[in-house]
Amino acid sequence: MTRDLTKRDLLRIGIVSAGSVFTGCMTTASESSEQQITIPDEPPCADDLQIKQIAATVGGEVHPVVELQVENQGSNPISYELQVIFEQGTSLGIDARTGRSTVTETVDGGEIITHRVSDNARDIKNTDSYIVNVVAVNCQDERT
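Letter by letter, the sequence shown follows residues 1 to 144 in full-length UniProt numbering.
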């Protein structure tokens with residue numbers, strides 16, 4: 001009997017500890033911090049494209065918003081497609097998708113564009129994490 005009680009107590013301590021870590025992750029995800037997004041090496045103009053996460057509000061039953069800044073440091077236009085996938089952790093330790101948003105745009109040489117990305121999916125307020133993927137980058141000739 002005492003042995004079962006000890007196992008339960010350890011389980012409760014583990015759950016409380018995991019909850020504290022999870023809450024800390026949600027708080028961190030809500031803070032404004034700049035983060036560079038990795039861009040595939042191809043095509044050649046990809047070196048001129050800089051994508052940064054400049055702010056994010058995620059977790060705490062709020063509508064998630066990720067703010068991205070795209071800068072073309074070259075002289076020719078670059079078209080791109082970004083995908084933001086919103087997720088929530090489950091009791092099984094597997095992330096489940098709560099929403100997804102895609103941004104398709106062309107940025108001229110020397111231009112900076114800011115995107116505020118969100119989704120209106122049914123479970124979107126359950127989001128506690130997100131992933132930003134660069135789906136496509138295409139070089140273009142000088143615009144006329």
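All residues carry an ideal CB built from backbone N, CA and C; glycine is no exception.
Which of the three DSSP states, helix, strand or coil, is assigned to residue i?
i	result
Asp95	strand
Ala46	helix
Asn120	coil
Around the C-beta of residue i, are 16 or more other C-beta atoms found within 10 angstroms, so that it is buried, or is it exposed?
i	result
Gln53	buried
Pro43	exposed
Ile131	exposed
Glu87	buried
Ser91	exposed
Gly99	buried
Gly24	Confidence at Gly24 is low in this model, with a pLDDT of 36, below 50, so its placement is unreliable and no value can be given for it.
Thr127	buried
residue 193	With the chain represented from 1 up to 144, any question about residue 193 goes unanswered, as that position is not in the structure.
Ile94	exposed
Asp47	exposed
Asp119	buried
On the premise that residue j lies in contact with residue i, defined as a C-beta separation below 8 Å, what is that separation, rounded to the nearest angstrom?
i	j	result
Cys45	Gly74	6 Å
Gln140	Asn72	Not a contact, Cβ separation roughly 10 Å.
Asn133	Leu82	7 Å
Opposite residue i in the DSSP bridges: which residues?
i	result
Gln35	Gln53
Thr114	Gln69
Ser101	Val84
Ser79	Thr106, Asn138
residue 147	Nothing can be reported for residue 147, as the shown portion of the chain is limited to 1 through 144.
Gly89	Asp95
Should residue i be listed as close to the ligand ATP, given that the test is whether its C-beta is under 7 Å from any heavy atom?
i	result
Ile124	With respect to the ligand ATP, the structure shown offers nothing to examine, as it has no ligands at all.
With 8 Å as the threshold, decide whether the Cβ of residue i is near any Cβ in chain B.
i	result
Glu105	The chain inventory of the structure shown lacks chain B, comprising one protein chain alone.
(message) Check whether the segment 104-113 and the segment 56-67 touch, using three or more Cβ-Cβ pairs below 8 Å as the test.
(response) no
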